[in-house]
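Engineer: Residue numbers (the numbering used here), protein chains in the order written: chain C, 34 to 294; chain Z, 2 to 180. Quick reminder that beta carbons are idealized off the backbone N, C-alpha and C, glycines included. The structure follows.
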């Protein structure tokens, strides 16, 4: 894949992912009477004092909404290919603020992968400013690729080390506990043999993900299966943010698979 | 094998070697907030006892309800793929229960769990749920809410599937309901 094409697709997908997340963040205050800043602020370390004071100001309802509105604008600028290094830096700083607002994560792994994408974007702009643009994007893409491939590799192998995953029992158990669960009584995932085959299929696929870096066509295949996998994760667990956060990293994987450093 | 491939192979070989090793936990207040910089990428890696939140409520007449489970269960919609704030919020609330269970496990001798923010938030979650609060337009508990709530009590239980084990981890005192 050409670098310029990979960059453009990455920017559109990451911008889209950030846009969707931000719209959800904007909706949450009207749904949530629990995780309010006056309670959460107690956990912020008292020193240095200026941090807590600044956060108190930034997380006032009006300021927080303005912050999210700015994030929305930056996400759209990214999608349009109009985001410079200042915008990338702002997105990175806002990601840090959101981590502080939500006790380290609002939506677990999807926040982690979003941070990977934003960090890669910032890296691309900073290294690009110091060397040249192409080198910057290579650095950003390799950072993102290694994190993405590591996420599948680790996730796959830690499961294969566990007997409940090798037997398929864990798959049925976790699908049953999903937010859209429990599984219907006649679900195919309740058949031990079917669950076992599915478990092995996707854990081995996850564990073998580093092979994607050998060839761009192989990377496309791995990423296509990954997209289906994340859709199923959404379907059973409601994790829509995971779908978009991981999808946004695939252009980096496909680019790196076809190019040496 | 070119240099890039060699580096990649070395990286994943090292990663594989570290998978079985148990690393010490590095803790600190700022590290907790910025743990996203050190993702371990271990999702659903094993069946372990899972914390579940139960609540019961007392009416102004003094009658207690039975114990009710607070657990995110919402109906699926196709458009949730692009906009799913209620489900994500519900999952964030369930994470609070998980974090409270961790805080209980890590509580130093002599410390009071009631001083932890997780306890205070989970306590508020329990009250809201038993009084009929919703995630989006879906009630947090399957049963009817307790009307004219005067007090409530919650429990954190560690649950394994199919009744293998169900241990009481924490029972709160009876708490007066407040607005």
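1. Thinking C-alpha only, which one of Z:169, Z:3, Z:58, Z:153 is nearest residue 159 of chain Z?
2. Quick check: is the beta carbon of residue 21 of chain C nearer than 8 Å to any beta carbon in chain Z?
3. Is residue 102 of chain C close to the ligand COA? I mean its beta-carbon at under 7 Å from any heavy atom of the ligand.
4. Using a C-beta cutoff of 8 Å, does residue 58 of chain Z count as contacting chain C?
5. Measure from the alpha carbon of residue 98 of chain Z to the alpha carbon of each residue in Z:116, Z:63, Z:120, then state which is nearest.
6. What's the gap between the Cα of residue 285 of chain C and the Cα of residue 68 of chain Z?
7. Mind checking who residue 140 of chain Z pairs with in its DSSP beta bridge?
8. Mapping DSSP to helix, strand and coil, what is residue 72 of chain Z?
9. Can you pull out the residues from the region 33-64 of chain Z whose beta carbon lies closer than 8 Å to at least one beta carbon of chain A?
10. Using 8 Å as the threshold, is the C-beta distance between residue 200 of chain C and residue 229 of chain C below it?
11. Count Cβ pairs between the region 177-184 of chain C and the region 138-157 of chain C that sit closer than 8 Å; are there 3 or more?
12. Return helix, strand or coil for residue 281 of chain C, following the three-state DSSP convention.
13. Skipping 5 residues on each side, what residues in its chain have a beta carbon closer than 8 Å to that of residue 34 of chain C?
14. Starting from residue 103 of chain Z and walking both ways along the alpha helix (DSSP H), at which residues does that stretch end?
15. Taking the alpha carbon of residue 41 of chain Z as the point to measure from, which residue in Z:11, Z:53, Z:19 has its own alpha carbon closest?
16. Based on Cα-Cα distance, which residue from Z:100, Z:149, Z:111 lies nearest to residue 122 of chain Z?
17. Please list, in chain order, all residues of the same chain as residue 49 of chain C whose beta carbon is under 7 Å from its beta carbon, the five residues on each side excluded.
18. Against chain Z, which members of the region 43-58 of chain C pass a CB distance test of less than 7 Å?
19. Could you tell me whether the region 48-67 of chain C touches the region 10-17 of chain Z, where touching means 3 or more Cβ pairs closer than 8 Å?
20. Quick one: what does DSSP say residue 205 of chain C is sitting in, helix, strand or coil?
21. Using a 10 Å radius around the Cβ and a threshold of 16 neighbouring Cβ atoms, would you call residue 10 of chain Z buried or exposed?
22. Please state if the CB of residue 87 of chain C and the CB of residue 118 of chain Z are separated by a distance shorter than 8 Å.
23. DSSP three-state call for residue 250 of chain C: helix, strand or coil?
24. Do residue 35 of chain Z and residue 132 of chain C count as a contact pair if the criterion is CB distance below 8 Å?
25. How do the region 212-220 of chain C and the region 153-172 of chain C stand: do at least 3 beta-carbon pairs fall below 8 Å, yes or no?
26. On the DSSP bridge list, what partners appear for residue 150 of chain Z?
27. CB-CB under 8 Å to residue 94 of chain C, same chain, minus the five flanking residues each way: which ones, in chain order?
28. Just how far apart, CA to CA, sit residue 104 of chain C and residue 45 of chain Z?
29. Across the region 57-68 of chain Z and the region 113-130 of chain C, are there enough close Cβ pairs to call them in contact, namely three or more that are closer than 8 Å?
30. Can the beta-carbon of residue 39 of chain C be found less than 8 Å from the beta-carbon of residue 255 of chain C?
31. Could you round the C-beta distance between residue 95 of chain Z and residue 73 of chain Z to whole angstroms and report it? I think they count as a contact, below 8 Å.
32. When you compare the CB of residue 190 of chain C with every CB in chain Z, is at least one pair closer than 8 Å?
33. Is the Cβ of residue 243 of chain C closer than 8 Å to any Cβ of chain Z?
34. Give me, in chain order, the residues of the same chain whose beta-carbon lies closer than 6 Å to that of residue 70 of chain C; leave out the 5 immediate sequence neighbours on both sides.
35. In terms of residues, what are the limits of the alpha helix (DSSP H) holding residue 197 of chain C?
36. Work out the CA separation of residue 204 of chain C and residue 210 of chain C for me, nearest whole Å.
Structural biologist: Based on what the coordinates show:
1. Counted from its first residue, the second chain places residue 159 of chain Z at position 158. Considering only alpha carbons, the answer is Z:169.
2. Shown here, chain C extends from 34 to 294; a query on residue 21 of chain C therefore has no answer.
3. Here there are no bound small molecules, and the ligand COA is not part of this structure.
4. The sequence position of residue 58 of chain Z within the second chain is 57, counting from 1. At a cut-off of 8 Å between beta carbons, residue 58 of chain Z makes no contact with chain C.
5. On the second chain, residue 98 of chain Z is found 97 positions in, with the first residue counted as 1. Nearest C-alpha to residue 98 of chain Z: Z:120.
6. Within the first chain, numbered from 1, the residue matching residue 285 of chain C stands at position 252. Within the second chain, numbered from 1, the residue matching residue 68 of chain Z stands at position 67. C-alpha of residue 285 of chain C to C-alpha of residue 68 of chain Z: approximately 50 Å in a straight line.
7. Locating residue 140 of chain Z in the second chain gives position 139, counting from the first residue. Z:135.
8. The residue you call residue 72 of chain Z lines up with position 71 of the second chain. Of the three classes helix, strand and coil, the one that applies to residue 72 of chain Z here is coil, per DSSP.
9. Going by chain labels, chain A is absent from the structure shown, which instead holds the protein chains C and Z.
10. On the first chain, position 167 is the one that residue 200 of chain C refers to. On the first chain, position 196 is the one that residue 229 of chain C refers to. Result yes, Cβ atoms of residue 200 of chain C and residue 229 of chain C sit closer than 8 Å.
11. yes
12. Numbered from 1 along the first chain, position 248 holds the residue referred to as residue 281 of chain C. The answer is coil: DSSP assigns residue 281 of chain C none of H, G, I, E or B.
13. As a first step, residue 34 of chain C is located in the first chain; it is residue number 1 there, counting from the start. Same-chain partners within the cutoff: 249, 284, 287, 288, 291.
14. The residue given as residue 103 of chain Z occupies position 102 in the second chain. Counting along the chain, residue 103 of chain Z sits inside the alpha helix (DSSP H) bounded by residues 86-106.
15. Residue 41 of chain Z sits at position 40 when you count from the first residue of the second chain. Residue 41 of chain Z has its Cα closest to that of Z:19, out of Z:11, Z:53, Z:19.
16. Here residue 122 of chain Z corresponds to residue number 121 of the second chain, with the count starting at 1. Of the listed residues, the one whose Cα sits closest to residue 122 of chain Z is Z:100.
17. The residue given as residue 49 of chain C occupies position 16 in the first chain. Within the same chain, residue 49 of chain C has close Cβ partners 112, 277.
18. Here the close residues are 53, 56, 57.
19. no
20. Along the first chain, one-based indexing puts residue 205 of chain C at 172. Note: residue 205 of chain C maps to helix in three-state DSSP.
21. Start at 1 with the first residue of the second chain, and residue 10 of chain Z comes out as number 9. Counting Cβ neighbours within 10 Å, residue 10 of chain Z comes out exposed, since fewer than 16 surround it.
22. Residue numbering aside, residue 118 of chain Z sits at position 117 when the second chain is read from its first letter. Residue numbering aside, residue 87 of chain C sits at position 54 when the first chain is read from its first letter. Not a contact, by the Cβ cut-off of 8 Å.
23. Sequence index remark: in the first chain, residue 250 of chain C carries index 217 (1-based). In the structure shown, residue 250 of chain C sits in a helix (DSSP, three-state: H, G or I).
24. Translated into the one-based positions of the first chain, residue 132 of chain C becomes position 99. Translated into the one-based positions of the second chain, residue 35 of chain Z becomes position 34. In this structure, residue 35 of chain Z lies closer than 8 Å to residue 132 of chain C by Cβ.
25. Not touching, per the Cβ criterion.
26. Within the second chain, the letter at position 149 stands for residue 150 of chain Z. Z:60, per the DSSP bridge assignment.
27. The residue you call residue 94 of chain C lines up with position 61 of the first chain. Excluding positions up to five away in sequence, the list reads 62.
28. Indexing the first chain from 1 puts residue 104 of chain C at position 71. Indexing the second chain from 1 puts residue 45 of chain Z at position 44. Rounded to whole angstroms, residue 104 of chain C to residue 45 of chain Z spans 31 Å at the Cα level.
29. no
30. Taking the first chain and counting its residues from 1, the one referred to as residue 39 of chain C is at position 6. Taking the first chain and counting its residues from 1, the one referred to as residue 255 of chain C is at position 222. No, Cβ-Cβ distance for residue 39 of chain C and residue 255 of chain C is not below 8 Å.
31. Translated into the one-based positions of the second chain, residue 95 of chain Z becomes position 94. Translated into the one-based positions of the second chain, residue 73 of chain Z becomes position 72. So it is a contact: roughly 5 Å between Cβ atoms.
32. Residue numbering aside, residue 190 of chain C sits at position 157 when the first chain is read from its first letter. True, the Cβ-Cβ gap to chain Z drops below 8 Å.
33. One-based indexing of the first chain puts residue 243 of chain C at position 210. Closer than 8 Å to some Cβ of chain Z, the Cβ of residue 243 of chain C qualifies, so yes.
34. As a position in the first chain, residue 70 of chain C is number 37, starting the count at 1. For residue 70 of chain C, where only same-chain residues beyond five positions count, the Cβ hits under 6 Å are 92.
35. In the first chain, the residue the question calls residue 197 of chain C occupies position 164. Counting along the chain, the alpha helix (DSSP H) containing residue 197 of chain C begins and ends at 196-199.
36. Sequence index remark: in the first chain, residue 210 of chain C carries index 177 (1-based). Sequence index remark: in the first chain, residue 204 of chain C carries index 171 (1-based). If I take the Cα positions, the gap works out to 10 Å.
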